[in-house]
Amino acid sequence: MKIAVLKEPDSEEGRVAMTPDTAKRFIGLGATVLVEAGAGVRSLILDFDYSMVGAVLTETAADAARDADIVLTVRRPSQEILSHLKKGALAIAMMDPYGDNAAIKAMADTGVTAFAMEFMPRITRAQVMDVLSSQANLAGYQAVIDAASEYGRAFPMMMTAAGTVPAARVFVMGAGVAGLQAIATARRLGAVVTATDVRPAAKEQVESLGAKFVAVEDEEFKQAETAAGYAKPMSAEYQAKQAALVAEHIKKQDIVITTALIPGRPAPRLVSADMVKSMKPGSVLVDLAVERGGNVEGAQLGEVVTTPEGIRIVGHKNVPGRIAATASQLYAKNLYAFVETLIDKKEKVLAVNWDDELVKATALTRDGAVIHPAFLN
């Protein structure tokens with residue numbers, strides 16, 4: 002049984018799918034671990050670190066992937082890499098399949114069995130495999146750090162002989178995993194924090210972190226959550242009422258962090274250009290949904306935009322990847338926890354149980370076909 006980990010081809014992707022710790026664990030399960038040279042460098046992991054735990058280093062991605070039974074990556078493998086894999090090999094990654102049916106069909110055509118980690122069900126057994134949560138958690142943290150670096154003032158209230166410095170006012174829009182971590186981080190830095198979300202359960206979570214909850218709490222609000230815990234799309238009437246409340250609130254904020262995403266849909270627009278203009282000069286907005294179209298009007302992918310009014314809109318790509326060493330540590334553990342369930346530990350061979358609910362939920366392609374229900378006509 003051979004497991005390969007490859008260097009991410011995107012120069013802006015610093016994460017890696019395996020750490021020396023998880024490599025050692027895979028070897029303990031009877032696997033031969035193949036690591037493309039330089040795979041972990043951008044996550045502060047040297048080739049030497051992999052070799053010290055028994056991994057085999059290869060010069061190229063093709064060398065690592067060619068005979069592998071399992072290939073682990075952060076992002077969807079390129080078509081070139083897929084062409085080197087043997088039929089039936091498992092490719093496990095964050096596949097980002099929505100809106101790219103042609104690429105998913107091309108993946109199926111290669112005969113590779115692909116698993117999309119972002120489809121991991123949110124059940125107790127799978128918590129340790131939940132890549133969306135592990136990476137969103139770090140994105141929420143990094144969003145506050147990015148905001149602080151762009152904000153020309155201190156976060157905490159400071160009482161000095163020269164006068165009192167007021168605390169920064171931070172408003173977090175969307176109180177999922179990323180939003181809750183943003184709240185906690187901003188609070189640790191001493192900010193006065195408020196937050197909003199359309200899910201009723203979020204109110205208690207927000208308040209438990211010491212932030213104030215802001216929302217129109219009508220009957221629609223009370224029903225605005227799916228059984229899986231995701232936000233439902235809201236009616237135009239509710240959105241108008243919520244937007245009016247938020248517009249008044251944003252005027253008083255120094256920093257706004259937006260995190261609202263609905264799986265498989267474009268990011269909802271939460272902050273209009275007029276709302277941005279209403280903020281004070283020097284205010285900062287961080288849009289964590291910019292890669293899906295953005296929550297903030299005027300946000301630009303991969304850029305920090307300064308408006309004529311002196312307000313900065315931060316639209317960094319791949320925010321978890323901005324702290325790649327930590328993100329890789331968590332992502333690699335997510336992958337190990339899942340792959341471990343695919344291995345017969347007694348025989349030390351790959352043994353996928355196709356009736357396992359985790360396998361059913363994440364399997365994207367198999368035997369030359371796209372098999373995930375979300376992509377079947």
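Read in order, the letters of the sequence shown correspond to residues 2 to 378 in the working numbering.
No residue lacks a Cβ here, since even glycine has one placed at the ideal position from N, Cα and C.
For residue i, the nearest candidate out of the options (CA to CA)
i, options, result
"Tyr152", "Val36, Ala140, Pro78, Ala168", "Ala168"
"Pro269", "Val277, Asp275, Met276, Thr259", "Thr259"
"Ser12", "Ala362, Gly322, Met130", "Gly322"
"Phe172", "Leu139, Met158, Asp110, Asp255", "Asp255"
"Ala24", "Lys3, Pro10, Glu14", "Lys3"
"Met96", "Lys87, Gly89, Gln80, Gly177", "Gln80"
"Leu86", "Val75, Arg77, Ala94, Ala69", "Ala69"
"Gly112", "Ile372, Asp368, Pro374", "Asp368"
"Ala107", "Met159, Pro78, Thr363", "Pro78"
"Leu190", "Ala66, Met158, Gly311", "Met158"
"Thr197", "Gly180, Ser209, Val215", "Val215"
"Gly89", "Lys223, Thr114, Leu210, Leu83", "Thr114"
"Leu83", "Phe376, Thr366, Ala375, Ile372", "Thr366"
"Ala32", "Thr363, Leu133, Arg200, Glu348", "Glu348"
"Pro310", "Val287, Ile324, Gly283, Asn319", "Rather than Pro, the amino acid found at residue 310 in this sequence is Glu. Closest by alpha carbon: Gly283."
"Arg16", "Leu139, Glu60, Val129, Asp356", "Leu139"
"Thr307", "Lys278, Ala326, Lys318, Thr59", "Lys278"
"Val340", "Gly180, Asp357, Gln182, Ala149", "Asp357"
"Val54", "Arg26, Gln128, Ala63", "Arg26"
"Tyr239", "Ile251, Asp219, Leu343, Val257", "Asp219"
Residue i - containing alpha helix (DSSP H), residue span
i, result
"Gly316", "No alpha helix (DSSP H) contains Gly316, which DSSP labels as neither H nor E."
"Leu58", "Where Leu58 is concerned, there is no enclosing alpha helix (DSSP H), although the beta strand (DSSP E) it sits in stretches over 57-59."
"Val1", "Missing from the structure shown is residue 1; the chain here goes from 2 to 378 and no further."
Residue j beta carbon less than 8 Å from that of residue i
i, j, result
"Val36", "Ile28", "no"
"Arg175", "Ala261", "A small correction: the amino acid at residue 175 is Gly; Arg does not occupy that position in the sequence shown. Cβ distance < 8 Å, so Gly175 and Ala261 count as in contact."
"Val291", "Leu302", "yes"
"Arg280", "Ala248", "As written in the sequence, residue 280 is Met, which differs from the Arg given in the question. No, the pair does not count as a contact, with Cβ atoms beyond the cut-off."
"Ala56", "Val72", "no"
"Val305", "Arg313", "yes"
"Ile184", "Val217", "no"
"Asp117", "Val178", "Just to set this straight, residue 117 is Ala in the shown sequence, not Asp. Not closer than 8 Å, so no."
"Arg76", "Glu14", "yes"
"Ala38", "Asp48", "yes"
"Gly295", "Tyr99", "no"
"Thr20", "Gln330", "yes"
"Val350", "Val360", "no"
"Ala333", "Ala5", "no"
"Asn335", "Asp131", "yes"
"Ala274", "Gly299", "yes"
"Ala370", "Ala109", "yes"
"Arg170", "Lys253", "yes"
"Leu289", "Val320", "yes"
"Met235", "Val193", "no"
"Ala326", "Ser44", "yes"
Span of the beta strand (DSSP E), counted from its first residue to its last, around residue i
i, result
"Arg170", "170-174"
"Ile324", "Here Ile324 belongs to no beta strand (DSSP E), and DSSP marks it neither H nor E."
"Lys3", "3-6"
"Leu35", "33-37"
"Arg367", "364-367"
"Thr307", "305-307"
Local conformation of residue i per DSSP, three classes
i, result
"Ala352", "coil"
"Arg189", "helix"
"Met158", "coil"
"Ala163", "coil"
"Ala375", "helix"
"Val54", "coil"
"Val17", "coil"
"Asp68", "coil"
"Ala370", "strand"
"Ile344", "strand"
"Tyr142", "helix"
"Leu331", "helix"
"Glu9", "coil"
"Ala63", "helix"
"Leu336", "helix"
"Gly180", "helix"
"Glu151", "helix"
"Ala24", "helix"
"Leu30", "coil"
"Glu358", "helix"
"Ala137", "helix"
The ligand HEM heavy atom lying under 7 Å from the CB of residue i
i, result
"Val257", "Ligands are entirely absent from the displayed structure, and the ligand HEM is therefore not among its contents."
> Taking the runs of the beta strand (DSSP E) that are 3 residues or longer, which of them lie wholly in the stretch 74-125?
Replying inline: 91-95, 114-117
> What residue ranges within the stretch 250-302 form continuous alpha helix (DSSP H) runs of no fewer than 4 residues, ordered along the chain?
Replying inline: Here the runs fully enclosed are 274-279.
>> I'd like the ranges of any alpha helix (DSSP H) spanning at least 4 consecutive residues and lying wholly in the stretch 192-244.
In response: 202-209, 220-223
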